[in-house]
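So that you can map any letter, position 417 of the sequence shown is 420 in our numbering, and since no number is skipped, the others follow by simple counting. Here is the structure we will look at, set down as C-alpha cells.
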Amino acid sequence: MSHIKPLKLSAFALLVLAGCNATLQAQNSVPKQPIVAPLAVVKKAPVSENELKRWSHLDLIKDSIPGMSVDRAYAELLQGKKGQKVIVGIVDSGVDIEHEDLQGMIWTNKKEIPGNGIDDDKNGFIDDVHGWNFLGNAVHENLEMTRIVKKADDGSPEYKAALAQYTEKYNKALKDKEQVDFLLDVHNTIKKELNKTTYKIEDLSAVTSTDPKVARSKAIMTQIFTNAGPTFDPEADFGEYKDQVYDQLEYNLNKDFDGRKIVGDNPEDIKDAHYGNNVVFGPDKEKALHGTHVAGIIAQIRGNNLGGDGVASPNVEILTVRAVPDGDEYDKDIALAIRYAVDNGAKVINGSFGKSFSPQKEWVYDAIKYAAKKDVLIVHAAGNDGYNIDETKNINYPNDSKDNVKEFADNVITIGAINKSYGENVVAPFSNFGKINVDVFAPGEEIYATVPNNKYKYLQGTSMASPNAAGVAALIRSYYPKLKAAQVKKILMDSGVALPSMVVLGESENPDEKPVAVSSAESSKTAKMVNAYNALLMAEKMSKK
C-alpha cells in the first residue's frame, strides 16, 4: 500500500507550521566543508509560502530548516558541471507522464515503435514505450491480510496474525467512519451557514447563529483550523479522509471484493509474467496521484515557476512501472516490476509502498538480488505506522533481510520521514523507525509536488521521504557514474546530517500524554538525515579513490 500518511483528525495537530528562517551564516566555500548540525538552530521568522513549497531543498545552517541542502548543492557544487542522464524506476500507482512539469523527464523505450501493436524489442511487453502497467485496468484491491483471511484457516501463525490484524483494522475502520461522518456533518453545517463550499478560518467569524448545532460546528472547525495550519482545506481534506475510510471498508477490508479478476493473470504463478498493458497512468489518471507526486519530487523541472522543483531534474528520466493498487500490492507484481525496471536501464528504483504480510516474499527477494547483480539501488519507504519495525510483529515488506536482522543484499536503503522543524520532534510522528531496519531519514511531511492533470499538492508520508532520498541518489549516479549502488547507499547514510541527540519516535496512543524523547540512536542505523550537499562532497572523494 502507498505510504501516504492519511489525514485524520488526530493528525491535523501534526501539521502546525514549525520551520522558520535563521540568521544567514557566511559561506566560505574553499575548501568545501560538510554541513554539520549546529548545537542550536535559531529560528526568527515563520516559513513563507514559497519556502514551504520547497522546504526539503533548504539548508539547516542557512535557513534553519532541516532540508537536504539541494539548493546549496546546485549553487556551490554543481554549477557548470554536466551530469549524465539517470533512469529512475518509479514502481507505484502510475504516473501522469503528460504532466506539464514532467515534460522532457519521461523515459522512452527507443526499441519500441509506438502504437504498432508489435513487441518490437521482444521483451514480452507490447508497445511499452514509457514503461509498463502490471495492474491493467485494476484500481482497488484488498489488503494482504484480507487476502490471507479469505483463504481457509490453515492453522499457520501467519493466518492467526493476519486474522488478528484484520479484526483490529476492520473495527478501527468502523470507528474512523463514525469520525469522518461526524466531521462531514460539521463541515456541511458550516458550508450551509456560509453558503460557500470553500472557506478559511477568518470566514468563521461570519457564523453568528445561536443554533446549538451551528455554534458547536463553528467551535470545532475553529479548533481544527488552528491546529492544521494554512494548507488545510476542509472540503478537499475531509473528502480525502472520507475516500480513504470508505475505500478501506468497501475494498481493502471487504472479503467479498475481488480486485484481481479484471487483470486476468494468475497472481500465484510468477511464470505467468506477461499481463497488463502499456497505459502507465492506469484506467483513471486521477488515481495515479501517488505515483505522480513521487515522480515530481525527483524529476519536476527546476526553476520554471511551476509547482516545486525536482531534486535530480534535469538529469533524470522517469520509467513508470504501475504495480501498486489502492490496497496492498501483490508480491508477484512487485518482483516483476523491479525486474522490468532493471532490464530497461534503471539505476535507481523508488518503492514508496509496503505491507505487513508477504506470502511470496521470496519472489521479491530474488528480484532484489537480481537488481543488486545489475548494480541498481532500491530506495524504499519505511512505512507510516509509527512502529519500531525491528520488532518482528511490525515488519514492513518488502525488506532486505530474511530474519529482520542480517541483510542479504547491499542495494536496498530504507527511508524514514522527518518534518521541517529541527529539534526533538523532527522525526515525523507517523514514521516507522528502527536502529536495524531503517537506514536514514529524509523530508516527508508537507511535501509539494505534481499530481495528475497539471495540478500540484502537499502530501506527507515516508512515501515522500523515499523519493527525496532517491533524488539525491540519482544526483550522485548522474555526476559520479562510476560509483556502485552499494557505494551510493553508503554515501547517503554516512554523509547525512545528525539528528538531535534526543528525538521523539512514533505516535502516542493517548493524545493527552506528553511524548518522551529517546536517544536518536534508536531511530535508525545512522541517526542521520539525507543531505545532498554532503553526499556530493563524499561522492567526489570516494570517486577519486
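Think of the CB as a built atom: it goes at the ideal place given N, C-alpha and C, for glycine as much as any other residue.
- DSSP places residue 34 in the coil class of the three-state scheme, outside both helix and strand.
- Taken through DSSP and simplified to helix, strand or coil, residue 229 comes out as helix.
- Taking the C-beta atoms as reference points, residue 381 is found no nearer than 8 Å to residue 402.
- In the structure shown, residue 383 falls within a strand segment according to DSSP collapsed to helix, strand and coil.
- In the DSSP annotation of this structure, the continuous segment of the alpha helix (DSSP H) that includes residue 481 starts and ends at 465 to 482.
- Distance from the CA atom of residue 218 to the CA atom of residue 512, rounded to whole angstroms, is 30 Å.
- Between the stretch 265 to 276 and the stretch 130 to 144, the count of Cβ pairs shorter than 8 Å is three or higher; the stretches touch.
- Where residue 458 is concerned, the enclosing beta strand (DSSP E) starts and stops at 458 to 462.
- Nearest Cα to residue 236 within the set 500, 397, 203, 85: 203.
- Around residue 328, the same chain offers 96, 138, 141, 142, 143, 144, 262 as residues with beta carbons nearer than 8 Å, after the five sequence neighbours per side are excluded.
- Take the alpha-carbon of residue 111 and the one of residue 350: they are about 15 Å apart.
- Scanning the stretch 95 to 142 for uninterrupted beta strand (DSSP E) segments of 3 residues or longer gives 134 to 136, listed from N- to C-terminal end.
- Counting along the chain, the unbroken beta strand (DSSP E) around residue 325 starts and ends at 319 to 325.
- Look at residue 358 here: in three-state DSSP terms it is strand.
- Contact annotation: the stretch 318 to 336 touches the stretch 362 to 370, with at least three C-beta pairs closer than 8 Å.
- Counting along the chain, residue 279 sits inside no alpha helix (DSSP H), nor does DSSP assign it H or E at all.
- In the DSSP assignment, residue 260 falls outside any beta strand (DSSP E) and carries neither an H nor an E.
- Comparing C-alpha distances from residue 118 to each of 282, 171, 300, 227 shows the shortest one belongs to 282.
- Within the DSSP secondary-structure output, residue 420 pairs in a beta bridge with 445.
- Scanning its chain for C-beta atoms nearer than 7 Å, with the 5 sequence neighbours on each side dropped, one finds around residue 461 the residues 234, 449, 450, 451, in chain order.
- Here DSSP, grouped into helix, strand and coil, assigns residue 165 to helix.
- Under the DSSP assignment, residue 451 falls in the beta strand (DSSP E) whose first and last residues are 450 to 454.
- Excluding the 5 residues flanking it on each side, residue 373 has same chain C-beta neighbours closer than 8 Å at 341, 342, 345, in chain order.
- Note on geometry: alpha-carbon atoms of residue 387 and residue 430 lie some 12 Å from one another.
- Of the residues assessed, residue 160 falls on the exposed side of the cut-off, its CB having fewer than 16 other CB atoms within 10 angstroms.
- In this structure, the CA atom of residue 295 is about 44 Å from the CA atom of residue 215.
- Within the same chain, 503 come within 7 Å of residue 426 by CB-CB distance, once the 5 residues on both sides are set aside.
- The beta carbons of residue 533 and residue 499 sit about 5 Å from each other, so the pair counts as a contact at 8 Å.
- Across the structure, residue 326 and residue 228 are spaced so that their CA atoms are roughly 36 Å apart.
- Under the three-state reduction of DSSP, residue 329 is assigned to strand.
- Distances from the CA of residue 395 to each of 88, 505, 407 were compared; the closest alpha carbon is that of 407.
- Residue 523 has its alpha-carbon roughly 32 Å from the corresponding atom of residue 81.
- In the DSSP assignment, residue 349 falls outside any alpha helix (DSSP H), carrying neither H nor E.
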